[in-house]
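Numbering (our numbering), first residue to last: 49 to 299.
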């Protein structure tokens, strides 16, 4: 027998990063929900005022650039995450904790009130420009069913410029490196009975290959306005803890 309680459970929002984008994302929600339709219309108006493409233009009408063009990919992820956040906000759902995965840190900053959407877009544009200018930031990411320890063994065996990037789960590890080295690694892992998939992102994020970009972006991001994280005045007053944000805003 469990003790009943009326205390509201704590809610966490975790925003996804690159690789989660897909053609048509949230199109059905915007078509079926009046609230979502209103939110997307307001977001579209805001983007047009900034002379930027809308989420529909990026991911619904012509999605060929997703996973290929760096700025289009990152902007589509940012807009999709912001759209989802605003819809949940309109439904009265408020987070107690905000976190993120990779590029989702930008939406986390917006959701917590530390950045405006316009500032997040400015940071994204600067980030993409810097990454595109860095010769070392060339490569791909590979997701595999190998454990972290197995992946380390394969990296030693295959050689080349290969790096462990993310340990998402006991049976999901992401590696990054030069395209030719990733191709050899994928073939070797497939031979061993593991599943592999190239992640649709245009750079080897979270690897030492991005190190050249970090000092430039660190300098660029310090010029952007930054506010302390805030919480909505409409939020339930019984919860005392502030937003908790996990972000690095680097590459």
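Beta carbons are placed, not taken as given, at the ideal position from N, Cα and C, and that holds for glycine. These numbers were taken from a predicted model, which means no experiment stands behind them.
Neighbourhood of residue 64 by C-beta, 6 Å cutoff - its chain only, sequence neighbours within 5 removed: 149 and 152
Limits of the unbroken alpha helix (DSSP H) element including residue 253: Element bounds for residue 253: n/a, residue is neither H nor E.
Cβ-based burial, residue 134 [other Cβ within 10 Å; buried from 16]: buried
Residue 167, DSSP secondary structure in three states: helix
DSSP beta-bridge partners of residue 150: In the DSSP output, where bridge partners are listed per residue, residue 150 has none listed.
Residue 91 classed as buried or exposed, judged by whether at least 16 other C-beta atoms fall within 10 angstroms: Buried: at least 16 other Cβ atoms inside 10 Å.
Residue 206 versus 213, 236 and 227, residue with shortest Cα-Cα distance: 236
Which of helix, strand or coil DSSP assigns to residue 156: helix
Burial state of residue 122, where buried means 16 or more other Cβ atoms lie within 10 Å: buried
Residue 274, buried or exposed, once every other Cβ within 10 Å from all chains shown has been counted against 16: Flag for residue 274 reads exposed.
Delimiting residues of the beta strand (DSSP E) encompassing residue 190: 188-192
Close Cβ partners of residue 58 (< 6 Å) along its chain, the five nearest in sequence each way excluded: 144
Cβ contact check for the segment 65-73 and the segment 243-254: 3 or more pairs under 8 Å: yes
Rounded C-alpha distance that separates residue 190 from residue 203: 12 Å
Bounding residues of the alpha helix (DSSP H) (the contiguous stretch that carries residue 264): 262-269
C-alpha distance - residue 234 paired with residue 257, whole-angstrom precision: 19 Å
Inter-stretch contact at 8 Å, needing at least 3 Cβ pairs: the segment 183-199 / the segment 224-234: Yes, since at least three Cβ pairs between the segment 183-199 and the segment 224-234 fall closer than 8 Å, the two stretches touch.
Beta-carbon proximity of residue 61 to residue 103, cut-off 8 Å: Between residue 61 and residue 103, the C-beta gap is not smaller than 8 Å, which leaves the two residues out of contact.
Assigned secondary structure, residue 296 (DSSP; H/G/I helix, E/B strand, else coil): At residue 296 the pLDDT is 46, less than 50, meaning the model places this residue with poor confidence and gives no usable figure here.
Coarse secondary structure for residue 141, derived from DSSP in three states: coil
Between the CA atoms of residue 107 and residue 73 - distance to the nearest angstrom: 7 Å
Closest residue to residue 260 among 162, 97, 56 and 184 (Cα-Cα distance): 184
Residue environment, residue 278, which counts as buried when at least 16 other CB atoms sit within 10 Å: exposed
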